[in-house]
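Undergrad: Right, I'll just put the structure down here and ask away after.
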Amino acid sequence: MSYITFECTQYTSDGEAPVWVQPHCIETDKPLEFSYGRDGVMQCSIKRSSSFHRAMQHNPLRCRIQHNSKQIEFPLRVQGHNYNAIFHGEKGQLAAGTIYPVADRPLPEAVSGVTTIIFSPRWYEGSSLSVLMANKRHEEEFIISPVVAVMFCILTACVVYVVGRVYVEGSLIPRILAKQQKSE
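Last residue of the sequence shown: 189 in my numbering, with the numbers rising by one and none dropped.
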(Lines of atoms letter the chains of each structure in order from A; the text may use other names.)
(Lines give C-alpha, C1' and ligand atoms only; values in the text may rest on other atoms or scores of the structure.)
Protein backbone atom coordinates (compact mmCIF):
# COMPACT_ATOMS: atom_id res chain seq x y z
CA MET A 6 0.00 0.00 0.00
CA SER A 7 1.34 3.45 -0.83
CA TYR A 8 1.00 6.53 1.32
CA ILE A 9 0.57 10.27 0.81
CA THR A 10 2.74 12.37 3.11
CA PHE A 11 1.52 15.72 4.45
CA GLU A 12 3.68 18.57 5.71
CA CYS A 13 3.46 22.31 6.22
CA THR A 14 5.60 25.39 6.77
CA GLN A 15 4.98 29.02 7.59
CA TYR A 16 4.95 31.56 4.77
CA THR A 17 8.19 33.51 4.86
CA SER A 18 8.60 36.97 3.41
CA ASP A 19 12.31 37.46 3.94
CA GLY A 20 13.44 34.79 1.48
CA GLU A 21 14.72 32.30 4.03
CA ALA A 22 14.35 28.63 3.23
CA PRO A 23 11.14 27.10 4.61
CA VAL A 24 11.33 24.45 7.29
CA TRP A 25 8.78 21.73 6.48
CA VAL A 26 7.23 19.92 9.45
CA GLN A 27 4.83 16.97 9.62
CA PRO A 28 2.18 16.38 12.24
CA HIS A 29 3.39 13.51 14.42
CA CYS A 30 0.29 11.62 15.58
CA ILE A 31 0.22 10.29 19.13
CA GLU A 32 -2.17 7.47 18.10
CA THR A 33 0.27 5.85 15.66
CA ASP A 34 3.54 7.36 16.92
CA LYS A 35 4.24 8.20 13.25
CA PRO A 36 3.93 11.25 11.02
CA LEU A 37 0.45 11.70 9.51
CA GLU A 38 0.07 9.79 6.23
CA PHE A 39 -2.96 9.19 4.03
CA SER A 40 -3.39 5.73 2.48
CA TYR A 41 -3.66 5.91 -1.31
CA GLY A 42 -7.25 5.25 -2.43
CA ARG A 43 -8.70 4.72 1.06
CA ASP A 44 -11.57 6.89 2.31
CA GLY A 45 -12.38 7.18 5.97
CA VAL A 46 -11.87 9.27 9.06
CA MET A 47 -8.46 9.77 10.64
CA GLN A 48 -7.69 11.24 14.02
CA CYS A 49 -4.31 12.82 14.70
CA SER A 50 -3.53 14.08 18.18
CA ILE A 51 -0.57 16.46 18.25
CA LYS A 52 1.46 17.49 21.27
CA ARG A 53 1.44 21.19 22.00
CA SER A 54 5.24 21.09 22.26
CA SER A 55 5.64 19.80 18.66
CA SER A 56 7.00 21.94 15.84
CA PHE A 57 3.83 21.30 13.80
CA HIS A 58 1.61 22.62 16.62
CA ARG A 59 3.75 25.76 16.81
CA ALA A 60 3.42 26.18 13.03
CA MET A 61 -0.38 25.88 13.32
CA GLN A 62 -0.44 29.12 15.31
CA HIS A 63 0.53 31.08 12.15
CA ASN A 64 -2.23 31.40 9.54
CA PRO A 65 -2.27 30.50 6.73
CA LEU A 66 0.20 27.67 6.37
CA ARG A 67 1.90 26.62 3.16
CA CYS A 68 1.34 22.86 2.92
CA ARG A 69 2.13 20.09 0.50
CA ILE A 70 1.21 16.49 -0.12
CA GLN A 71 3.63 14.08 -1.73
CA HIS A 72 3.30 10.70 -3.40
CA ASN A 73 6.21 9.12 -5.23
CA SER A 74 7.70 12.03 -7.20
CA LYS A 75 4.46 14.05 -7.35
CA GLN A 76 4.27 17.06 -5.01
CA ILE A 77 1.29 19.41 -4.69
CA GLU A 78 1.39 22.62 -2.66
CA PHE A 79 -1.62 24.53 -1.32
CA PRO A 80 -2.44 27.10 1.37
CA LEU A 81 -4.13 25.82 4.51
CA ARG A 82 -6.07 28.05 6.89
CA VAL A 83 -6.07 26.54 10.36
CA GLN A 84 -9.69 26.75 11.54
CA GLY A 85 -11.32 24.26 13.83
CA HIS A 86 -10.34 20.67 14.18
CA ASN A 87 -12.25 19.06 11.27
CA TYR A 88 -10.58 18.93 7.85
CA ASN A 89 -11.60 17.45 4.51
CA ALA A 90 -8.86 15.94 2.38
CA ILE A 91 -9.83 15.58 -1.28
CA PHE A 92 -7.53 13.54 -3.52
CA HIS A 93 -7.65 12.49 -7.17
CA GLY A 94 -5.75 9.41 -8.24
CA GLU A 95 -5.13 7.87 -11.61
CA LYS A 96 -3.41 4.56 -12.35
CA GLY A 97 -1.94 4.37 -8.85
CA GLN A 98 -0.57 7.91 -8.92
CA LEU A 99 -1.68 11.05 -7.12
CA ALA A 100 -3.12 13.46 -9.72
CA ALA A 101 -4.38 16.31 -7.51
CA GLY A 102 -5.37 17.04 -3.95
CA THR A 103 -5.99 19.58 -1.24
CA ILE A 104 -6.92 19.78 2.42
CA TYR A 105 -9.28 22.41 3.79
CA PRO A 106 -11.03 23.11 7.09
CA VAL A 107 -14.67 22.51 7.75
CA ALA A 108 -14.92 25.76 9.66
CA ASP A 109 -16.99 24.99 12.69
CA ARG A 110 -15.00 26.58 15.50
CA PRO A 111 -11.51 27.84 16.24
CA LEU A 112 -8.62 25.46 16.81
CA PRO A 113 -9.42 23.66 20.03
CA GLU A 114 -7.33 24.37 23.05
CA ALA A 115 -4.82 21.73 23.90
CA VAL A 116 -6.20 19.45 26.59
CA SER A 117 -3.38 18.05 28.71
CA GLY A 118 -0.94 19.42 26.14
CA VAL A 119 -2.60 17.68 23.16
CA THR A 120 -4.67 19.03 20.25
CA THR A 121 -6.75 16.52 18.28
CA ILE A 122 -7.47 17.08 14.59
CA ILE A 123 -9.89 14.99 12.52
CA PHE A 124 -9.21 14.42 8.80
CA SER A 125 -11.81 12.99 6.39
CA PRO A 126 -9.98 11.85 3.26
CA ARG A 127 -12.05 11.20 0.11
CA TRP A 128 -10.57 9.73 -3.07
CA TYR A 129 -11.81 10.23 -6.62
CA GLU A 130 -10.77 8.36 -9.75
CA GLY A 131 -9.32 10.65 -12.43
CA SER A 132 -10.18 14.32 -12.66
CA SER A 133 -13.93 14.26 -11.98
CA LEU A 134 -15.87 14.23 -8.73
CA SER A 135 -18.31 11.61 -10.02
CA VAL A 136 -16.32 8.39 -9.61
CA LEU A 137 -15.37 7.65 -6.03
CA MET A 138 -12.27 5.51 -5.89
CA ALA A 139 -13.66 3.64 -2.87
CA ASN A 140 -16.68 2.47 -4.91
CA LYS A 141 -14.45 1.32 -7.73
CA ARG A 142 -12.13 -0.59 -5.40
CA HIS A 143 -15.13 -2.20 -3.68
CA GLU A 144 -16.34 -3.58 -7.01
CA GLU A 145 -12.83 -4.76 -7.92
CA GLU A 146 -12.59 -6.83 -4.73
CA PHE A 147 -15.10 -9.29 -6.17
CA ILE A 148 -13.26 -9.85 -9.43
CA ILE A 149 -11.43 -13.20 -9.44
CA SER A 150 -8.10 -13.34 -11.20
CA PRO A 151 -7.78 -15.89 -14.03
CA VAL A 152 -5.22 -17.95 -12.08
CA VAL A 153 -7.57 -18.24 -9.09
CA ALA A 154 -10.46 -19.17 -11.40
CA VAL A 155 -8.40 -21.98 -12.98
CA MET A 156 -7.38 -23.23 -9.53
CA PHE A 157 -11.05 -23.31 -8.44
CA CYS A 158 -11.92 -25.29 -11.60
CA ILE A 159 -9.15 -27.83 -10.94
CA LEU A 160 -10.16 -28.16 -7.29
CA THR A 161 -13.83 -28.64 -8.25
CA ALA A 162 -12.90 -31.31 -10.81
CA CYS A 163 -10.80 -33.19 -8.23
CA VAL A 164 -13.59 -33.11 -5.64
CA VAL A 165 -16.16 -34.32 -8.19
CA TYR A 166 -13.83 -37.15 -9.27
CA VAL A 167 -13.17 -38.31 -5.68
CA VAL A 168 -16.85 -38.16 -4.66
CA GLY A 169 -17.91 -39.95 -7.87
CA ARG A 170 -15.28 -42.65 -7.47
CA VAL A 171 -16.27 -43.28 -3.85
CA TYR A 172 -19.94 -43.52 -4.87
CA VAL A 173 -19.29 -45.84 -7.81
CA GLU A 174 -16.84 -48.16 -6.01
CA GLY A 175 -18.47 -48.05 -2.58
CA SER A 176 -22.14 -48.18 -3.45
CA LEU A 177 -23.03 -48.61 -7.10
CA ILE A 178 -20.74 -51.52 -8.10
CA PRO A 179 -21.56 -53.61 -4.98
CA ARG A 180 -25.33 -53.19 -5.64
CA ILE A 181 -24.95 -54.18 -9.29
CA LEU A 182 -22.84 -57.23 -8.36
CA ALA A 183 -25.35 -58.23 -5.68
CA LYS A 184 -28.26 -58.03 -8.19
CA GLN A 185 -26.29 -60.03 -10.74
CA GLN A 186 -25.50 -62.78 -8.22
CA LYS A 187 -29.19 -63.04 -7.19
CA SER A 188 -30.29 -63.38 -10.78
CA GLU A 189 -27.88 -66.26 -11.45
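All residues carry an ideal CB built from backbone N, CA and C; glycine is no exception.
Measure the C-alpha to C-alpha separation of Glu174 and Ala183 and round it to an integer number of angstroms.
TA: Cα to Cα, the separation comes out at about 13 Å.
Undergrad: Identify which residue in Phe124, Ser74, Met61 has its Cα closest to the Cα of Ile91.
TA: Closest by alpha carbon: Phe124.
Undergrad: Taking all protein chains shown into account, decide if Pro28 is buried (16 or more other Cβ within 10 angstroms of its Cβ) or exposed.
TA: It is buried - the Cβ of Pro28 has at least 16 other Cβ atoms within 10 Å.
Undergrad: From the DSSP output, in three-state form, read off Ile5 for me.
TA: Limits of the chain in this structure are 6 at one end and 189 at the other, which puts residue 5 out of reach.
Undergrad: Give me, in chain order, the residues of the same chain whose beta-carbon lies closer than 7 Å to that of Asp44; leave out the 5 immediate sequence neighbours on both sides.
TA: Within the same chain, Asp44 has close Cβ partners Pro126, Arg127, Trp128, Ala139.
Undergrad: How far does the beta strand (DSSP E) with Lys52 in it extend, from its first residue to its last?
TA: From DSSP, the beta strand (DSSP E) with Lys52 extends over 47-52.
Undergrad: Once DSSP output is grouped into helix, strand and coil, what is the label at Leu66?
TA: Strand, per DSSP.
Undergrad: In or out: Val24 buried (at least 16 other Cβ within 10 Å) or exposed?
TA: Classification for Val24: exposed.
Undergrad: Output the boundary residues of the alpha helix (DSSP H) element that contains Gln76.
TA: No alpha helix (DSSP H) contains Gln76, which is instead part of the beta strand (DSSP E) from 75-81.
Undergrad: Starting from the C-beta of Ile122, find all residues in its chain whose C-beta is less than 6 Å away, skip the five residues before and the five after it, and write them out in chain order.
TA: Same-chain partners within the cutoff: Cys49, His86.
Undergrad: Counting pairs of Cβ atoms below 8 Å between the stretch 94-108 and the stretch 73-84, do you hit three or more?
TA: The stretch 94-108, when compared against the stretch 73-84, does touch it at the 8 Å Cβ threshold.
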